Amino acid sequence: QKTLSDLNKILDSSLDVICTINANGEFVNVSAASQQVWGYKPEELIGVKYMDLVYHEDADITSKASEKIVSGNKITNFENRYVHKSGRIVPILWSVNWDEKLQIMFCIAKDVTEKKRLEKAVERERDQFFEMFLKAPSAIGMLKGADHVFEMANPLYLQLTGKKDVIGKTVAEVFPEVIEQGFVEILDHVYHTGESYTGNEMLVKVDTQGNGVMTDFYIDFIYQAYRNGKGKIEGVFFFINDITEQIQTRKAIEKSEKFFKGVTENSAEMIALIDSTGKTIYASPAVSKEMGYTYEECLEINIADIAHPEDALRLQEFLMKIMMYPGVPKECPSIRYRIKDGSYIWVEGTLTNFLEAEGINAIVANFRDVTERKKSEKILQASEEFNRTILESSPDCLKVIDNEGRLQFMNSNGCKLMEVDDFNSLKNKYWWDMWGDENKQIVRASVKKSLEGKAARFEAFSPTLKGNGKWWDVMLSPVTKTADGIEQIISVSRDITEKKKSEEANSFKANLLNTIGQSAIATDINGIVNYWNRAAENIYGWTKEEALGKNIIDLTTTVASNEQAVQIMEELKKGQTWSGEFKVRKKDGTIFPALVTNSPIHDEHNILSGIIGISSDITEMKKLEELLEKTNRLAAIGSWEIDVVKETVYWSDITKEIREVDKDYVPVLDVGLSYFKGIHKVTISQKVQECIENGTPWDEELQIITFKGNHKWVRTIGEGEFLNGKCLRIHGSFQDITERKIAEQKMIHLSERLQMATQAASVGIWDYDIVENSLVWDDNMYKFYGITPDEFSGAYEAWEAGLHPDDLLSVREDIQMAIRGEKEFRPEFRVVWPDKSIHYIKSNAWLYRDARGKVLRMIGTNFDITEQKELELQKEKMIEDIVQRNKNQEQFSYIVSHNLRAPVANILGLTNLLQEENISTETAMYANKALILSANKLDEVIKDLNYILHVRTHITERKELVNFSNIVSDIQISIEAMIVKENATISCDFTKVTEMMTIKSYMHSIFYNLISNSIKYRQLNVPLMIEIKSQVINNKIILLFKDNGLGIDLEKQNDNVFGLYKRFHIHYAEGKGMGLY
């Protein structure tokens, strides 16, 4: 019994579970380690079937292994999984022997959780390397030995070089052409010296097709030696970025081609008894198996003698420690012990001081061989250092980001590019917080995409940590994948700031030429087109793609002008400039006149390299006289001018027709004024004098007598032109408004007739007894309300039921005010008939009061004024239409009399000047430039006229549902440069009304004009704020535009805000007014 007790103590001191199982699969004996390994005390397991603890997925293999053991096979290396009492899974390594005689299995169960963890870590590290190698954004590979044999090459390298089968071949065999280029010599140097080599923008010629034709590549590359575990150089790594086409390649990360070798199996745990001097007095068979010593040799060993010299002190300190804790198991630190062959193994385990325990009198040592684990840890550490070396070698900004989007690593070159002094200040911060607000969304989306296992790429602007702005081309790739998903992603950011600046400069130049309204065409010296702007597409009908590479003569000249075009081209080849009118042809064959200026282009050596031509379609200018005549006839508006200095008078043809004089009549001021009628003659004379003396303009409607004696009403508008305070001339418009005046007179007569009809209309009588709440009507009242006596109850409420809902409250108030004596009862209101028609009623009432002033009854009359109201509305509509027509004619009058006449007069004067025989070259050039300027001014006015006519003819354009936010967004995109330049902020609130049914082009024009005018007339040195919101007031949609700009005095200029050519800050900026007329 004592011996058995001693044996149990020894077994219970083991870290592994030592147990016996009977033929029924039930536990018979179990050591104390079961509580540490499985969570169950030994007494809880006795009699329990061992299969009850086996993890369900391992039940089948466990049953089959049990059958083999019972059949006489000894198993010392079987693994399965048990379910811990807490529910977690525990991997177990079994050593089992079946005793046929006793019908008992003797078992040792080792918890190999730590071993499995290390195996998984090694596997994950290997998978991470493979994934990084295959997905690396750089061409990478490994050359082994002095002959530089390809041992590894990623797909990107094979794609770059055009090769497929390179593994096992030398560089000289695969690329014989690079030997003379010096690359093999560089590889030899790196291999023999261990010195890394970095090449930037080096030219390499490669036969990518295998046909002897060399392809040029410019590459950035790094050659770096790699060493084995003993420090000896084994080969060369290479990293290559193809920068030939500036395409997006990335310095990738390459991990070692050597993967961690799997951890060898751990042997069964060793058990030994050691005396107080450290000498072994007992060793289990596992000791001999693991350390190579025979049992007899083990008994001669002192553990201090076989401990590694570097670990001897640590062992001694531990032995002294356990002496202080008798009976208490203590974890022993990892110690290296020399085995029989002279090598060392790492051992760790548990030692328990049983020196004072009778029958044992020894230190019980339970220990295991952890050499393989130690090797794995060393390999893992070396791999991490190796990976970091690869990451640090990339010339781009390379970052490792975890699955939460937080920065975990940035290489040294990346820190330099981002101007980061200490990466620890950024570690574990969210990557997107380093970007501006405008780019955070795209960065988040790219991280999300990578975490889904996909590569992501974007270009964006982000300042460095020190605030210096840079553009980045960013590639993200998932690199660490586990069963739970992507754990890490690699971000490679390349600085493309200089490239962006170049693109923006070129884009600006191209956009500049596209924004001018004239055709810009560039050719070489043989007339082959190499530039064709957007205006050229619109004018000539050929698209840019159709025109490039074609001869300009074939594209634009007519048969009749071919010879002249060839002559012009010859003059241009001599370096001369040509300008003039030229008949040209569109793609569809249409021939039209164009104003063309061709100029030579010289290169930096002043050698003629091409020709650029600027041309404009002047068809509209040629039709000017016809259009002016039609415009004047349409508007029936004439113009006039008084030259105060020369005392001469000019009348247009329309003015002469209104005056009824011949076209060759020469007007005189006094004579013209004398034909104004009566008091109107005095009025016009005063207006002319006030304009000359004070500059006061006028707008009067007066009567005249024509030269043929007919009476007419005219509207005359005049304003003066001054120089140094002196009036030089007066000009204005002259419009026949006789028909309008006659119409107005008719409206006055109509109003009088309506009034008489109203007075003669029938009257309804009503009597309301307030005390009894009874209402009595005569027959006319029923007619006025559209009901019969049977449909009326005679109560006050019945009368109210017929009132229009919008008038009910105001009529009630009128009644109460009359009862209180505050006003007479004389309201006008609407009633709704049973057929839903609306009728207008005018009511009068007289109140009867008692002696104390209390109102007892109201007696009144009703008049049906529906017809009168309708006629009044019709009258208001007619007057409104006439006023609007008159305003429209005013706008035409202003253009014809002023904006058209000034450029026409200049063109006529300059044309006469050019016809002079002795005109100098300088004067001719000046006249030509002035002529073009006047023609352009004239063209602008004509376009305005055409646009007005276009707007009026398209008023029935189809309506559609228009979204306010979409319109603002479209406008912000179209004028983004203006908004950014002026630092304008536009805030919108369309929560009340988001959209409306209207003509989209009109609504777009309203928004565009108001927003662009706000930007144009901002206050200097004040950040511009524009607010736009929608409201609903009285069932009407209100769009409210507000800014903090210069502002307009609406009290003075309310009627002129949207007038054509109406401007209020003339000297602040160029323009033609608010628009939207």
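Following our numbering, the numbering of the sequence shown begins with 25 at its first residue and continues without gaps.
Backbone N, C-alpha and C define an ideal beta-carbon position, used for all residues, glycine too.
Nothing here was measured: the structure is a model prediction, and the numbers come from that model.
- Inside the region 297–326, DSSP marks whole beta strand (DSSP E) runs of 3 or more residues at positions 304–307, from first to last along the chain.
- For the set 559, 581, 549 and 563, the Cα lying nearest the Cα of residue 595 is the one of 549.
- Beta-bridge partners assigned by DSSP to residue 1002: none are found.
- Taking all protein chains shown into account, residue 42 has 16 or more neighbouring C-beta atoms within 10 Å of its C-beta and is therefore buried.
- If you draw a straight line from the Cα of residue 889 to the Cα of residue 809, it comes to about 12 Å.
- According to the DSSP assignment, residue 580 belongs to the alpha helix (DSSP H) that extends over 576–580.
- Following the DSSP letters along the chain, one finds residue 232 in no beta strand (DSSP E), marked with neither H nor E.
- The Cβ neighbour count for residue 604, taken over all protein chains shown within 10 Å, is under 16; the residue is labelled exposed.
- Residue 735 counts as exposed, since fewer than 16 other C-beta atoms from the protein chains shown sit within 10 angstroms of its C-beta.
- Counting only runs of 4+ residues, the alpha helix (DSSP H) found wholly inside the region 547–613 occupies 558–564, 568–571, 576–580 and 586–597, in chain order.
- With respect to the 9 Å criterion, residue 668 and residue 716 are classified as neighbours on the basis of their beta carbons.
- The beta-carbon distance between residue 571 and residue 581, rounded to whole angstroms, is 14 Å. This is too long to meet the 8 Å contact definition.
- With 16 or more other Cβ atoms from the protein chains shown falling within 10 Å of its own Cβ, residue 458 counts as buried.
- Judged by beta-carbon spacing, residue 35 lies within the 9 Å limit of residue 55, meaning their Cβ atoms are closer than that value.
- In this structure, residue 545 sits away from residue 520, with a CB-CB distance that is not shorter than 9 Å.
- Residue 698 carries a helical assignment under DSSP once its states are collapsed to helix, strand and coil.
- DSSP, read as helix, strand or coil, puts residue 823 in helix.
- When the Cα atoms are used, residue 852 and residue 887 turn out to be separated by approximately 9 Å.
- When the five nearest sequence neighbours on each side are left out, the beta carbons in the same chain lying within less than 7 Å of the beta carbon of residue 951 are those of 934, 937 and 938, in order along the chain.
- Exclusion of the five residues before and after residue 247 leaves 210, 211, 214, 220, 221, 260 and 262 as the residues of its chain whose Cβ lies within less than 7 Å of its Cβ.
- From the listed residues 1018, 218, 184 and 170, the smallest Cα separation to residue 196 is found for 170.
- By DSSP's assignment, residue 53 forms a beta bridge with 44.
- Bounds of the alpha helix (DSSP H) holding residue 196 are 195–198.
- DSSP, reduced to helix, strand and coil, places residue 170 outside both helices and strands of the structure shown, so it counts as coil.
- Sixteen is the threshold: when 16 or more other Cβ atoms of the shown chains lie within 10 Å of the Cβ of residue 823, as they do, the residue is buried.
- DSSP places residue 993 in the helix class (H, G or I) of the three-state scheme.
- According to the DSSP assignment, residue 95 belongs to no beta strand (DSSP E), since it is labelled neither H nor E.
- Under the DSSP assignment, residue 357 falls outside any alpha helix (DSSP H), being part of the beta strand (DSSP E) whose first and last residues are 354–362.
- The C-beta of residue 748 has fewer than 16 other C-beta atoms within 10 Å across all chains shown, which makes the residue exposed.
- Residue nearest to residue 370 within the set 399, 376, 354 and 347 is 399 (criterion: CA-CA distance).
- Distance check between residue 641 and each of 620, 898 and 995 places 620 closest, using alpha-carbon atoms only.
- Our two residues, residue 40 and residue 177, have alpha carbons roughly 47 Å apart in a direct line.
- Around residue 799, the same chain offers 790, 791, 792, 793, 818, 819, 820, 822 and 823 as residues with beta carbons nearer than 8 Å, after the five sequence neighbours per side are excluded.
- Of the residues assessed, residue 591 falls on the exposed side of the cut-off, its CB having fewer than 16 other CB atoms within 10 angstroms.
- Considering only 630, 608, 224 and 730, the residue with the shortest C-alpha distance to residue 599 is 630.
- In this structure, 37 is the residue among 868, 1075 and 37 with its C-alpha nearest to the C-alpha of residue 389.
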